[in-house]
Amino acid sequence: MKRRKLVLLAAALLLLGKPEAGALRAFAAEPPVEATMVALENTGAEGSAAAEKEEAAKAKEQYSYMGTFRLTAYCGCRVCNGRWTGHPTALGTDYQEGRTIAVDRRVIPLGSTVEINLPGRGWTRFRAEDTGSAIKGNRIDVYVSEHGRCYTPLYNTHAEVRIVR
Ligand SMILES: [Zn+2]
Numbered sequence: 044m045k046r047r048k049l050v051l052l053a054a055a056l057l058l059l060g061k062p063e064a065g066a067l068r069a070f071a072a073e074p075p076v077e078a079t080m081v082a083l084e085n086t087g088a089e090g091s092a093a094a095e096k097e098e099a100a101k102a103k104e105q106y107s108y109m110g111t112f113r114l115t116a117y118c119g120c121r122v123c124n125g126r127w128t129g130h131p132t133a134l135g136t137d138y139q140e141g142r143t144i145a146v147d148r149r150v151i152p153l154g155s156t157v158e159i160n161l162p163g164r165g166w167t168r169f170r171a172e173d174t175g176s177a178i179k180g181n182r183i184d185v186y187v188s189e190h191g192r193c194y195t196p197l198y199n200t201h202a203e204v205r206i207v208r
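According to this note's numbering, the stretch in the sequence shown is residues 44 to 208, in order.
Pasting the structure below:
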């Protein structure tokens, strides 16, 4: 009601041809409080939604998110490899700690570049080079160069996995 009176007053002043410039400018520059709040809320929501959308698009573009996997570790010893001891990886490569992992090839194709979100270390890059009779489904066996490190907590955990496209 008060606003309406001000608008009428402003219009009246304009019609009269002698507006009080200062008062009119102050009124014009100050939009109704409700409208201001709505505008601010919209800006905030649209801003973060756009950023999220962009991030999602970026993630979609570069990675295939595979979900959470159970990790274990293995080395080249007979305990870990049984009759396959001394053979190259399923992909035919040498074993290299920090690169070689064993996967279920029906879940992660051999040769894939794979990133594992290791606890305390973040997304770390490996390559799906090997398979294993016990490595089925959401399982990854991480190669280490010494049998003693097969039990490192870093590789005996659950972690998120994504394939780099
Ligand atoms: Zn071993």
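Cβ coordinates follow ideal geometry from the N, Cα and C atoms, glycine included.
Nothing here was measured: the structure is a model prediction, and the numbers come from that model.
Which listed residue (the options) has its alpha carbon closest to that of residue i
{"i": "threonine 128", "options": "Asp173, Gln105, Arg142", "result": "Asp173"}
{"i": "arginine 208", "options": "Glu189, Lys96, Ser155", "result": "Ser155"}
{"i": "aspartate 140", "options": "Gly165, Ile206, Gly119", "result": "It is worth fixing the name first, because residue 140 is glutamate in this sequence and not aspartate. Considering only alpha carbons, the answer is Gly119."}
{"i": "isoleucine 183", "options": "Arg164, Ile206, Gly135, Gly163", "result": "Ile206"}
{"i": "threonine 124", "options": "Pro196, Arg164, Val185", "result": "Correcting the residue type first, residue 124 is asparagine in the shown sequence and not threonine. Nearest of Pro196, Arg164, Val185 to asparagine 124, Cα basis: Val185."}
Buried or exposed by the 16-neighbour rule on C-beta atoms within 10 Å, applied to residue i
{"i": "aspartate 137", "result": "exposed"}
{"i": "arginine 170", "result": "buried"}
{"i": "tyrosine 117", "result": "buried"}
Within-8 Å CB hit, residue i to chain D
{"i": "tyrosine 106", "result": "Given the protein chain composition of this structure (a single chain), no chain D is represented."}
For residue j and residue i, the rounded distance between their alpha carbons
{"i": "threonine 143", "j": "isoleucine 151", "result": "13 Å"}
{"i": "cysteine 193", "j": "alanine 92", "result": "43 Å"}
{"i": "alanine 78", "j": "valine 204", "result": "With a pLDDT of only 49 at alanine 78, under 50, the local geometry of the prediction cannot be trusted, and no value is derived from it."}
{"i": "methionine 80", "j": "glutamine 105", "result": "Interpretation of methionine 80 is limited by its pLDDT of 48, a score under 50 that renders its predicted location unreliable; the figure taken from the coordinates is listed afterwards. Answer to the nearest angstrom: the Cα atoms are 38 Å apart."}
{"i": "arginine 164", "j": "glycine 135", "result": "29 Å"}
Contact check, residue i vs residue j, beta carbons under 8 Å
{"i": "arginine 113", "j": "asparagine 160", "result": "no"}
{"i": "tyrosine 198", "j": "threonine 115", "result": "yes"}
{"i": "isoleucine 178", "j": "alanine 202", "result": "no"}
Per DSSP, cross-strand counterpart(s) of residue i
{"i": "threonine 111", "result": "Glu203"}
{"i": "asparagine 160", "result": "Trp166"}
{"i": "arginine 142", "result": "Partner(s): none; arginine 142 has no beta bridge."}
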